[in-house]
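S.K.: Supplied in structure tokens, the structure appears directly below.
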Amino acid sequence: MSVYVVTGSDEGRVAEEAAALFEELKPPGSDEFANEIIEGVADNAEDAFQKAASANEALQTIGFFGGDKVVWLKGANFLGNDRSSEAERAISGVENLLETLQAGLPPGVIFLVSSNAISGVRRFGKWLKKNADYRSYDKIDISKEGWEEQVAIKAGRLARESGMTLEGEALALFVQRAGAETRQINNEINKLDLYLGRERRDVTVEDVELIVPVSHKGVIWEISRAIEKRDAKRAIHLIDSLLNKNENAVGLIKASIIPTVRNLFFAKLTEPYGSVNSAPEAVKAVLPKKKDGTINTWGLKMAAQAARRFTLPQLQKSMEHCLAGDKALVTSSQDHRMVLHRLVIQLCDKSRAA
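For the sequence shown, numbering that gives the first Met the number 0 gives the first residue as 0, with consecutive numbering after it.
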């Protein structure tokens with residue numbers, strides 16, 4: 000294989016994997032003069048043409064002193080579907096590069112291209128997918144069931160590689176605060192590593208609260224935790240902080256409140272059986288599923304302890320309140336802030352009959 004591609008929406012992961020692959024592909028004993036790196040960040044269509052032309056020229060030039068070499072078009076931002084990428088001048092440069100690849104590279108020349116977006120409908124992208132060693136690393140989709148488990152696995156592995164233990168509630172809090180970006184996860188793990196030093200290696204909830212900043216997703220998670228604890232005052236305060244930043248109320252109820260109540264309800268539903276796996280098939284059939292069709296056990300596991308604060312009838316009623324609140328936000332002219340406040344009070348009301 001003489002052509003390699005590293006792409007995907009996870010910028011941090013793409014950068015790391017491409018750099019590692021470049022080191023792997025470099026001829027043994029080669030120095031900086033034996034290989035060529037073309038910085039692929041173009042300011043405009045003309046600059047994109049020139050970047051592609053530089054890569055094209057490098058591919059057709061024998062290595063320093065006649066040896067093998069790797070040509071790396073690094074972080075190219077003109078291979079996607081944005082305006083600059085689709086400009087005639089940029090397309091012309093990429094098409095010239097494609098002609099060289101189709102004709103076949105000289106012996107000993109390897110081409111590596113890294114980019115966060117490569118159009119799959121243009122000729123260049125189609126050719127690469129068919130003919131190159133094509134490696135794609137996309138961000139974890141936090142709108143899909145099970146994203147937390149994917150991040151938790153990654154964060155836990157990175158922590159172990161650094162000699163730390165990151166588990167339980169501390170891991171759950173880390174996941175919600177750090178989010179799904181590989182670069183951000185790595186940064187926060189490194190910060191925890193430096194903070195703990197060599198004497199203490201177990202990461203606590205207090206460590207995460209102190210070191211890992213609260214992102215937008217973290218506030219969403221804090222709202223969920225407040226509802227689980229039936230702390231209406233804190234939940235309302237957090238909701239107001241987001242609404243004051245022009246957060247969409249419909250997006251807020253769907254991202255935080257409804258998933259929280261739903262997980263509490265399903266966790267309560269499986270409580271009598273001891274575990275999800277022991278539940279009857281009829282119960283398993285209604286549990287939230289991940290993209291691959293398996294049950295999202297992460298969300299249920301995180302909600303299991305909090306579900307003990309509620310009865311099943313209370314949570315059934317809470318589901319009805321969520322439905323009514325969602326409908327009011329979407330179809331009525333009621334003040335969105337008041338709708339969310341009322342819903343939170345209903346969900347956290349400890350005086351409700353079982």
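Glycine residues also receive a C-beta, built at the ideal position from the N, C-alpha and C atoms.
Specify, as a first and last residue, the run of the alpha helix (DSSP H) that Arg307 falls within.
M.R.: The residue you call residue 307 lines up with position 308 of the sequence shown. Per DSSP, Arg307 belongs to no alpha helix (DSSP H) and is neither H nor E.
S.K.: Mapping DSSP to helix, strand and coil, what is Ala352?
M.R.: Working through the sequence shown from its first residue, we reach residue 352 at position 353. Reliability fails at Ala352, whose pLDDT of 45 lies under 50, so the model's placement of it is uncertain and the value that follows must be treated cautiously. Note: Ala352 maps to coil in three-state DSSP.
S.K.: Is DSSP giving Ile37 helix, strand or coil here?
M.R.: Translated into positions along the sequence shown, residue 37 becomes position 38. If DSSP states are grouped into helix, strand and coil, Ile37 belongs with the strands.
S.K.: Return the CA-CA distance between Leu322 and Gly155, expressed in angstroms with no decimal places.
M.R.: Looking up residue 322 in the sequence shown gives position 323. Looking up residue 155 in the sequence shown gives position 156. The alpha-carbon atoms of Leu322 and Gly155 are separated by roughly 36 angstroms.
S.K.: Quick one: measure Cβ to Cβ for Val13 and Val5, integer angstroms, because I've assumed they're closer than 8 angstroms.
M.R.: For this step, residue 13 is matched to residue 14 along the sequence shown. For this step, residue 5 is matched to residue 6 along the sequence shown. Contact flag correct, Cβ pair sits at about 6 angstroms.
S.K.: Compute the Euclidean distance between the alpha carbons of Arg308 and Glu227, then round it to the nearest angstrom.
M.R.: The residue labelled residue 308 in the question sits at position 309 within the sequence shown. The residue labelled residue 227 in the question sits at position 228 within the sequence shown. Going by the C-alpha atoms only, they are around 8 angstroms apart.
S.K.: Between which two residues does the alpha helix (DSSP H) carrying Ile90 extend?
M.R.: By 1-based counting over the sequence shown, the position of residue 90 is 91. Where Ile90 is concerned, the enclosing alpha helix (DSSP H) stretches over 87–102.
S.K.: Excluding the 5 residues flanking Leu72 on each side, which residues of the same chain have their C-beta closer than 6 angstroms to its C-beta?
M.R.: Within the sequence shown, residue 72 is the residue found at index 73, counting from 1. For Leu72, where only same-chain residues beyond five positions count, the Cβ hits under 6 angstroms are Ile37, Gly39, Ala54, Val112.
S.K.: Tell me whether Ala352 is buried or exposed, calling it buried when 16 or more other Cβ atoms sit within 10 Å of its Cβ.
M.R.: Counted from its first residue, the sequence shown places residue 352 at position 353. Reliability of the predicted coordinates at Ala352 is poor, the pLDDT of 45 falling under 50, and the value obtained from them is presented with this limitation in mind. Exposed, because fewer than 16 other Cβ atoms sit within 10 Å of the Cβ of Ala352.
S.K.: Pairing CB atoms from the segment 195–210 with CB atoms from the segment 219–237, are three or more of them under 8 angstroms?
M.R.: With the cut-off at 8 angstroms, the segment 195–210 and the segment 219–237 do not touch.
S.K.: Let me know the secondary structure DSSP gives Ile109 once reduced to three states.
M.R.: Against the sequence shown, residue 109 aligns to sequence position 110. DSSP places Ile109 in strand when its eight states are reduced to three.
S.K.: List the residues that DSSP assigns as beta-bridge partners of Ser114.
M.R.: Indexing the sequence shown from 1 puts residue 114 at position 115. Looking at the DSSP assignment, Ser114 forms a beta bridge with Thr6.
S.K.: Excluding the 5 residues preceding and the 5 following Glu35 in the sequence, name in chain order all residues of the same chain whose CB lies nearer than 6 angstroms to its CB.
M.R.: As a first step, residue 35 is located in the sequence shown; it is residue number 36 there, counting from the start. Hits under 6 angstroms: Ala57, Val70.
S.K.: If Tyr136 and Gly7 are in contact, beta carbons under 8 angstroms, what's the gap, nearest whole angstrom?
M.R.: Within the sequence shown, residue 136 is the residue found at index 137, counting from 1. Within the sequence shown, residue 7 is the residue found at index 8, counting from 1. Contact holds; Cβ gap of about 4 angstroms.
S.K.: Given that a residue counts as buried once 16 or more other Cβ atoms are within 10 Å of its Cβ, and exposed if not, what is Lys50?
M.R.: Stepping through the sequence shown from its first residue, residue 50 is reached at position 51. Lys50 comes out buried.
S.K.: Smallest Cα separation from Ser161: which of Arg176, Lys138, Asn185, Gly178?
M.R.: Translated into positions along the sequence shown, residue 161 becomes position 162. Closest option to Ser161, Cα to Cα, is Asn185.
S.K.: Give the DSSP-derived three-state secondary structure of Tyr272 in the structure shown.
M.R.: Here the question's residue 272 lines up with position 273 in the sequence shown. The answer is helix: DSSP assigns Tyr272 an H, G or I state.
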